[in-house]
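There are 2 protein chains.
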Amino acid sequence: MWADAHLKTRQKRHTARSHQLERAQWRLVVMATARLVLLAALVAATAWELPPSLRVAAAPVAIHALRPLVGSAGDLGRRGGVPCDSWRLAVEANNKRDWKTVPADCEGYVGHYMLGGHYRQDSRVVVDEAVAYAEGLKLGGGGREVWVFDIDETSLSNLPYYATHGFGTKPYNATSFNEYVLEGSAPALPETLRLFRKLIALGIKPVFLTGRTEDQRAVTVANLRRQGYSGWEKLLLKPLGSKATAVAYKSGERRKLEDAGFVVVGNIGDQWSDILGAPEGARTFKLPDPLYYIG
Amino acid sequence: MWADAHLKTRQKRHTARSHQLERAQWRLVVMATARLVLLAALVAATAWELPPSLRVAAAPVAIHALRPLVGSAGDLGRRGGVPCDSWRLAVEANNKRDWKTVPADCEGYVGHYMLGGHYRQDSRVVVDEAVAYAEGLKLGGGGREVWVFDIDETSLSNLPYYATHGFGTKPYNATSFNEYVLEGSAPALPETLRLFRKLIALGIKPVFLTGRTEDQRAVTVANLRRQGYSGWEKLLLKPLGSKATAVAYKSGERRKLEDAGFVVVGNIGDQWSDILGAPEGARTFKLPDPLYYIG
Numbered sequence: 348m349w350a351d352a353h354l355k356t357r358q359k360r361h362t363a364r365s366h367q368l369e370r371a372q373w374r375l376v377v378m379a380t381a382r383l384v385l386l387a388a389l390v391a392a393t394a395w396e397l398p399p400s401l402r403v404a405a406a407p408v409a410i411h412a413l414r415p416l417v418g419s420a421g422d423l424g425r426r427g428g429v430p431c432d433s434w435r436l437a438v439e440a441n442n443k444r445d446w447k448t449v450p451a452d453c454e455g456y457v458g459h460y461m462l463g464g465h466y467r468q469d470s471r472v473v474v475d476e477a478v479a480y481a482e483g484l485k486l487g488g489g490g491r492e493v494w495v496f497d498i499d500e501t502s503l504s505n506l507p508y509y510a511t512h513g514f515g516t517k518p519y520n521a522t523s524f525n526e527y528v529l530e531g532s533a534p535a536l537p538e539t540l541r542l543f544r545k546l547i548a549l550g551i552k553p554v555f556l557t558g559r560t561e562d563q564r565a566v567t568v569a570n571l572r573r574q575g576y577s578g579w580e581k582l583l584l585k586p587l588g589s590k591a592t593a594v595a596y597k598s599g600e601r602r603k604l605e606d607a608g609f610v611v612v613g614n615i616g617d618q619w620s621d622i623l624g625a626p627e628g629a630r631t632f633k634l635p636d637p638l639y640y641i642g
Numbered sequence: 348m349w350a351d352a353h354l355k356t357r358q359k360r361h362t363a364r365s366h367q368l369e370r371a372q373w374r375l376v377v378m379a380t381a382r383l384v385l386l387a388a389l390v391a392a393t394a395w396e397l398p399p400s401l402r403v404a405a406a407p408v409a410i411h412a413l414r415p416l417v418g419s420a421g422d423l424g425r426r427g428g429v430p431c432d433s434w435r436l437a438v439e440a441n442n443k444r445d446w447k448t449v450p451a452d453c454e455g456y457v458g459h460y461m462l463g464g465h466y467r468q469d470s471r472v473v474v475d476e477a478v479a480y481a482e483g484l485k486l487g488g489g490g491r492e493v494w495v496f497d498i499d500e501t502s503l504s505n506l507p508y509y510a511t512h513g514f515g516t517k518p519y520n521a522t523s524f525n526e527y528v529l530e531g532s533a534p535a536l537p538e539t540l541r542l543f544r545k546l547i548a549l550g551i552k553p554v555f556l557t558g559r560t561e562d563q564r565a566v567t568v569a570n571l572r573r574q575g576y577s578g579w580e581k582l583l584l585k586p587l588g589s590k591a592t593a594v595a596y597k598s599g600e601r602r603k604l605e606d607a608g609f610v611v612v613g614n615i616g617d618q619w620s621d622i623l624g625a626p627e628g629a630r631t632f633k634l635p636d637p638l639y640y641i642g
């Protein structure tokens, strides 16, 4: 008897919840439809008046956001090739590993992501987190706190190279890439430079730790200086001929830093291999990079 | 003299590269503009004929994808509040930690992400990776390989609850959430169920490892069975009154599995605390979850 009543109460509650859910869904449908009409009006009204930055980035992002959604209702998404935004998310969350090239279908998507404002916006949110974390640290007063920075796609951007080499869709070409590196012309990632300067102001010492090799020291120093980086504690480059993986090499160098009495309070890189492997650093930050994978 | 000639060659190469880059950017502008016009036509033509699933999800995603891009040219993005897609990426890449609620501005964004096809599509790509990895494993033949599954937002979805409770924008309410759990009505995440069944077919044993407590065993078993899960090796629930963090509790249980002779070949969860902490499992997979954070 009690069980029956209890069951009915439950069913009633369940029905009420279903109705609530339906109402929530319908509210979303109505909101969405209103926004769609607004978007249509906006697009129609401004198609040719948009600033160039928006013209580059907005339309394909919208299209790429739409494509997997169409497929999601059934299996249609498969026909349209790789869902590029899901691919990128899988890369950023370290689900997709050991990939050699960006899927060919995603060249346009990645290009727009990188050259439009999306990449910058994603990087900004990461650096905002890093700055907030750094500002909240209680330092020991002995000047032992360091923050590890990767270089390529973290401190310096090789986008000028990748923009003319298929945005990661072509296999890595060591010759042409190293030629580009030796120009020493890579621009700073502005968000990372902001973090770098903030840390120095706070009394936390930046240490560069890069897979670039020792023979590229001079050009790397010149490039970093030219781009506004100064005041770093160390610049650690990989010994020529080292066969260590990125994780082994980089975690080994962080271990040496700790053995020398430094405290690695933060570590920022664009590859998971920059920030995995003990000691990782007290807190790690993963910048976006849909261009290439280093294991 | 040589240096001069060398410098000139370099400058020429640099100028050529700049032109190449400009051309690449212009090509993108032209492509983008063409697509924008196409999109406008598409939107105008189909605004009222779109299937409901698309009506729910497409428009706001487009709007939310646009919003941060506008800001990215300068600092305008800040005025519009939180850039929700960058926030979600920061969550998924473990850059954003210890957050209590979804930003209020992002309720619509998260709602459309979860109820539209985007969440499903992102989950599908993760599970595709997991299946490919599992299929490539060489098993020992002794039946010792296990795969750890989290439950909430991994094996079972609490979306029916969150859809009627602000999509994570409201503080966690243990009373109403536990009431929902005790209904035992949470649907399976279809992609995870696909992985679960695939693993059993391959001879890899699923082990559930959840932060749900021991007193919820019966309802959890019933809910899992009702949703099509069967044939698991173990269901590990947290002892009542345990004060361990998720990372400490879950890595401790994985340690016990390994001590008992199991090999944890895979581990899948929606929280970083499901998959961090040695032994993590030979390979880990992070499902999307923009609804809540468990540290």
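Residue numbers (our numbering), protein chains in the order written: chain A, 348 to 642; chain B, 348 to 642.
Note that the Cβ used here is the ideal one computed from N, Cα and C, for glycine as well.
Since residue i meets chain A, which of its residues come closer than 7 Å, beta carbon to beta carbon?
{"i": "B:Asp469", "result": "Ser433 and Leu436"}
{"i": "B:Glu439", "result": "Leu436, Glu439 and Ala440"}
Using the Cα positions of residue i and residue j, report the straight-line distance between them to the nearest angstrom.
{"i": "B:Asp452", "j": "B:Gly428", "result": "7 Å"}
{"i": "A:Phe524", "j": "A:Gly464", "result": "25 Å"}
{"i": "A:Thr393", "j": "B:Tyr527", "result": "Bear in mind that a pLDDT of 30 at A:Thr393, under 50, signals an unreliable position, so the number given afterwards is only what the model happens to contain. Approximately 47 Å, taken between the alpha carbons."}
{"i": "B:Glu454", "j": "B:Leu486", "result": "44 Å"}
{"i": "A:Ala625", "j": "B:Glu500", "result": "29 Å"}
{"i": "A:Asp432", "j": "B:Met461", "result": "15 Å"}
{"i": "A:Asp636", "j": "B:Gly588", "result": "42 Å"}
{"i": "B:Lys590", "j": "B:Asp621", "result": "16 Å"}
{"i": "B:Arg491", "j": "A:Tyr508", "result": "48 Å"}
{"i": "B:Lys552", "j": "B:Asn520", "result": "34 Å"}
{"i": "B:His512", "j": "A:Ala595", "result": "45 Å"}
{"i": "A:Glu627", "j": "B:Arg573", "result": "42 Å"}
{"i": "B:Leu529", "j": "B:Gln563", "result": "8 Å"}
{"i": "A:Tyr639", "j": "A:Gly515", "result": "6 Å"}
{"i": "B:Val568", "j": "B:Thr560", "result": "12 Å"}
{"i": "A:Gln468", "j": "B:Tyr456", "result": "17 Å"}
{"i": "B:Pro450", "j": "A:Ala565", "result": "45 Å"}
{"i": "A:Ala481", "j": "B:Thr522", "result": "36 Å"}
In this structure, does DSSP put residue i in helix, strand or coil?
{"i": "A:Glu482", "result": "helix"}
{"i": "A:Pro450", "result": "coil"}
{"i": "B:Asp445", "result": "coil"}
{"i": "B:Asp497", "result": "coil"}
{"i": "B:Arg491", "result": "coil"}
{"i": "B:Leu529", "result": "helix"}
{"i": "B:Ala510", "result": "coil"}
{"i": "A:Gly464", "result": "coil"}
{"i": "A:Cys431", "result": "helix"}
{"i": "B:Ile641", "result": "coil"}
{"i": "B:Pro537", "result": "helix"}
{"i": "A:Thr560", "result": "strand"}
{"i": "B:Lys552", "result": "strand"}
Just to confirm before moving on: does the CB-CB distance between residue i and residue j stay below 8 Å?
{"i": "A:Asn441", "j": "B:Lys443", "result": "no"}
{"i": "A:Val612", "j": "A:Trp446", "result": "no"}
{"i": "A:Asp606", "j": "A:Thr557", "result": "no"}
{"i": "B:Leu503", "j": "B:Ala535", "result": "yes"}
{"i": "B:Val610", "j": "B:Lys581", "result": "no"}
{"i": "B:Ala593", "j": "B:Ile547", "result": "no"}
{"i": "A:Glu538", "j": "A:Val438", "result": "no"}
{"i": "A:Asn645", "j": "A:Ala533", "result": "Residue 645 of chain A lies beyond the stretch modelled for chain A, which goes from 348 to 642, so this question has no answer here."}
{"i": "A:Asp615", "j": "A:Ala479", "result": "In the sequence under discussion, the amino acid at residue 615 of chain A is Ile, which differs from the Asp named in the question. Result no, Cβ atoms of A:Ile615 and A:Ala479 do not sit closer than 8 Å."}
{"i": "B:Thr448", "j": "B:Pro518", "result": "yes"}
{"i": "B:Leu540", "j": "B:Gly575", "result": "yes"}
Give the interface partners of residue i over in chain B, defined as CB-CB distance under 7 Å, in chain order.
{"i": "A:Phe632", "result": "Asn442"}
Kindly list, in the order they appear in chain A, the residues whose Cβ is closer than 8 Å to that of residue i.
{"i": "B:Val472", "result": "Pro430, Ser433, Trp434, Leu436, Ala437, Asn442 and Lys443"}
How would you list, in chain order, the residues of chain B whose beta-carbon sits under 9 Å from the beta-carbon of residue i?
{"i": "A:Glu476", "result": "Ala437, Asn442, Lys443 and Arg444"}
Uninterrupted beta strand (DSSP E) stretches inside the segment 564-639 of chain A (no shorter than 3 residues): 581-585, 610-616 and 631-633
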